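With my numbering applied, the sequence shown has no gaps in its numbers, which climb one by one up to 165 at the end. For reference, the structure discussed in these notes is given below.
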Amino acid sequence: MLDIASQIVINLVIAGIIGFILGYLLGRNSYPKIESIENDNRVDDLREERIVKSTLNPIFKKNSILDYKPLILTSPKPSGKDPLIKIKGINSKIECDLNNLGIYHFEQISKWSNKNTEWIEEFLLLPGIAKNNQWVDQAKILASGKDTPYSLQVENGEIEVD
């Protein structure tokens, strides 16, 4: 009886080895070979990716939560666009991206909720930029007609905004 059990175990081990070898030989050509993996967390790469993604309509972005997209305008008010670069953290590139999205005025930014701010940060591919620089608080001050210390420095040319 022991001979039969040992033969069964040996046959199962041999069948397993043959199955493993056949599976390896048949499966190795079905997946593409990965030559290298790069993980560069550079800002330039993110900006290039943002340029490519900004040409797409943000509504079709899979990761974006549509319910939290802030209200946008199709064009600026007749009085013209507000200089969004007066808000700390917004440079000319980000201002252009916001304008392309339909955000032209301090009043629009001042009405954002936390979820709207998160949506914008995801859209711009710049996590934390709006919350860390307090865009909503600055926009409320600027929308009321007052100036912030940063906006005064921008107006006086003390700070160069690229």
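We put the CB at the ideal spot given by N, CA and C, even for glycine. Computed from a prediction, not measured in an experiment: that's the story for all the values here.
Range of the contiguous alpha helix (DSSP H) that encloses residue i
i: Y153; result: 152-158
i: L15; result: 5-30
i: E125; result: 117-127
i: E98; result: 95-104
i: I144; result: 138-146
i: I112; result: 109-113
i: K89; result: First-last for K89: undefined, no H or E at that position.
Cβ shell of residue i (< 6 Å), same chain only, five flanking positions each side left out
i: V55; result: Unreliable positioning characterises V55 in this predicted model, as indicated by a pLDDT of 49, which lies under 50. A coordinate reading is not provided.
i: A133; result: T120, I123, E124
i: K118; result: Y71
i: P79; result: Y107
i: I93; result: L87
Contacts around residue i, its chain only, beta-carbon distance under 7 Å, and the 5 residues preceding and following it disregarded
i: E98; result: L87, I88
i: G19; result: none
Supposed contact pair residue j and residue i - C-beta distance, whole angstroms, cut 8 Å
i: L76; j: G105; result: 5 Å
i: T151; j: I144; result: 5 Å
i: V95; j: V164; result: It is Ser, not Val, that sits at residue 95 in the sequence shown. Correct: roughly 6 Å between the Cβ atoms.
i: W115; j: P73; result: 5 Å
i: K84; j: N102; result: 7 Å
Given residue i as reference, the closest of the options once Cα atoms are compared
i: I90; options: A142, I20, E158; result: A142
i: S113; options: A146, V12, N103; result: A146
i: E110; options: F23, K149, G30, N136; result: K149
Cutoff 8 Å; reference residue i; Cβ partners in own chain excluding five residues on either side
i: K65; result: In this prediction, K65 scores a pLDDT of 48, lower than 50, which makes its location untrustworthy; no coordinate-derived value is stated.
i: Y153; result: K89, I90, K91, Q141, I162
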